[in-house]
Structure formats: C-alpha cells, structure tokens
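Using this note's numbering, you'd call the opening residue of the sequence shown number 10 and step up by one each time. Glycine included, each C-beta is placed from N, C-alpha and C at the ideal position. The structure displayed is predicted, hence computed values, not measured ones. This report concerns only the one structure given below.
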Amino acid sequence: MFRSIVRLQSQFGNILSPNKVCPRSPHFRFAFKYSSAITERKRFYQDVSISQGEGGLYEINLDRKKLKTPGGKLFTVPNEVLAIAVATEWDAQRDTLKFYTMHLTTLCNTALDNPTQRNKEQMINAALKFLETDTVCYRVDEPHGLVELQKNEYYVTIGSSSSILGPEIPEATKDTFRQHLNSYNFWSLTGLEFVITQLKSVVLSMGIVDRHLSVEQAVLLSRLEEEYQIQHWGNVEWAHDYDMYELRARTAAGALFVHLSSESSNVKRKLLQDREG
C-alpha cells in the first residue's frame, strides 16, 4: 500500500539503526508533559525482572515491587518482547533514573493511561491532520541550493507546495492513509503518532515503519531546511548535532515501539533471526 503513495529510488537500510521534539498536537503536548513529569530520580531498586500475569500480559518488577503507571495502573504490556525491552531500559539506568531517556516506558505509560482519553478513530484523525502540513509536501523556490536539495531528496506523489497555504491533499490519498493506519492496534498507533510528531511527517514516519527508510534517512529528510542553513551559516557549536541525535533516538524508539507492540510471535522470531544471523 505504502509503495503506491511514496516512490523511493532505492531499497533502504535497517529500521532499527539508532531526538528534538517539535510537538504541534495539543494531545501530544499533554501526553508528553504527563508522562515526563518527573525527569530524574535516585535509583531505588537493585534488580529488574519480568513476569507473566493475568490474561497473558507481562509485568515489570523492580526488586519485588510491580511497576505502576503515573496514573496508578499496573504496568502491563501485551507481549514478552516489549516487556524485555522496557525492563532493559530500567536496568540500564545507573545511580540516577533519567526518565527522559526511557522512551519505551513513556510510550507504554501513555498507551496504558491514555491521558487524553482518545480512541483509535480520534488518533487516526489527528495523524491525518499532519498530512496538511507534512514536511515532505513543502518545497521552496529559493535559495537555489535548498531547492536542489529538496528536488533530489523527496520522491512523493501526494503533491507539494511552495506556498504557506500548503498543498492540496486528494481525498483518495487521505482514505488510503486512513485504511492503512486503521490496520494498527491502539498501542502501535501510540508509537506511530509519536514518530509522526517527531518528524512532522506522516509520509516519512510510515516510510520508516514500513521499512522503506532508515531512521537516519528520515531524520535527514525532515531536517533539510535546517541542514541547508547549517551548511550555509555554519554549526552552532554542538547544539545542532545534539538536536539531531536526540531526534534520531526518539524516532528510533517510536518506530521500535510500533513493531514491538504488534504481533509478538512475528516480532520475536524476527529479532531472534537477526541475532543469529
């Protein structure tokens, strides 16, 4: 489905190659503030483990205490692979817990507590809103260097605009995207929305999730104007590089969350094959 909308010139690399947040959705801003209310805390546990609870759901145990969400719910995830990934985040923390680096935990909290109280249809509508201002749909007429950079990097067929009014998005295109988004479960949509918000692009986000783009390539495409300005005016010490690596980390975590919150058996088998290969 995605190939019929986006044309790419070559087959790209692995999605899981390892952030700058520019949230425009009020739902995302609320969820991000809610799930990151405590940014650091002294580590209060020694061991991290997982266990299977009621209904086949998996729980995270810090020593002998079960992890809970900010909303007070028992922290449970739908499959073992995602539980292992979250447990690894907690185990990797040193003396101080840096919650702002624990992206998978944050996404699980958001899916479990659903602080904005939305259903799948509302999440899909919010995602489709980004099509109207999608990063890849905006082109510039000048300067010449940036014009050429955009022509050579963007291979989309959903229309473009160099005007502040934005491009016209055909209803048939919206319907195709809607059907594709509807194939994801609530948890996967939570991760996909996170990626869309990072890149400000539905097209690039689905390119990553559908394995047509690597994280590095999608991030570069989402930052073309900024990269041009850096080339023209120079880098501001380490700030631009830090922003780029932060954006990569968040985007990679969101894409990984989409896959890990999908069918557990297929994901687990793929991870094992990658490890053995």
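key: Short Cβ contact (8 angstroms threshold) for Leu76 with Phe266   = It is not a contact, given that the beta carbons lie outside the stated cut-off.
ask   = Between the region 191-205 and the region 109-126, do at least 3 Cβ pairs fall closer than 8 angstroms?
value = yes
request  = Return the residue from the list Leu208, Lys74 and Met111 that minimises the CA-CA distance to Phe53.
outcome  = Lys74
Option nearest Thr97 by Cα separation, candidates Ser58, Gly216, Trp196 and Leu213 = Ser58
ask   = Since Ser214 is in the beta strand (DSSP E), which residue starts that stretch and which ends it?
value = Per DSSP, Ser214 belongs to no beta strand (DSSP E); it is in the alpha helix (DSSP H), Val211 to Val218.
inquiry  = Measuring alpha carbon to alpha carbon, tell me which residue in Met111, Ser192 and Thr260 is nearest Ser210.
reply    = Thr260
message = Quick check: the region 62-72 against the region 86-93, are at least 3 beta-carbon pairs closer than 8 angstroms?
response = yes
key: Complete beta strand (DSSP E) runs within the region 65-134 (minimum length 3 residues, chain order)   = 67-71 and 105-107
ask   = Which residue from Ser231, Ala101, Ser270 and Leu256 puts its Cα closest to that of Val212?
value = Nearest Cα to Val212 within the set Ser231, Ala101, Ser270 and Leu256: Ser231.
query = With DSSP run on the structure shown, which of helix, strand or coil describes Arg187?
reply = Arg187: helix per DSSP, three-state reduction.
inquiry  = In this structure, how does DSSP classify Lys58 when only helix, strand and coil are distinguished?
reply    = As written in the sequence, residue 58 is Ser, which differs from the Lys given in the question. Of the three classes helix, strand and coil, the one that applies to Ser58 here is strand, per DSSP.
Nearest neighbour of Gly80, chosen from Thr125, Asp104, Leu137 and Ile93 [CA to CA] = The shortest Cα separation from Gly80 among Thr125, Asp104, Leu137 and Ile93 belongs to Thr125.
ask   = Comparing alpha-carbon positions, which option in Asn123, Asp72 and Ala120 lies nearest Asp100?
value = Asp72
message = If you measure between the beta carbons of Glu225 and Arg187, is that distance less than 8 angstroms?
response = no
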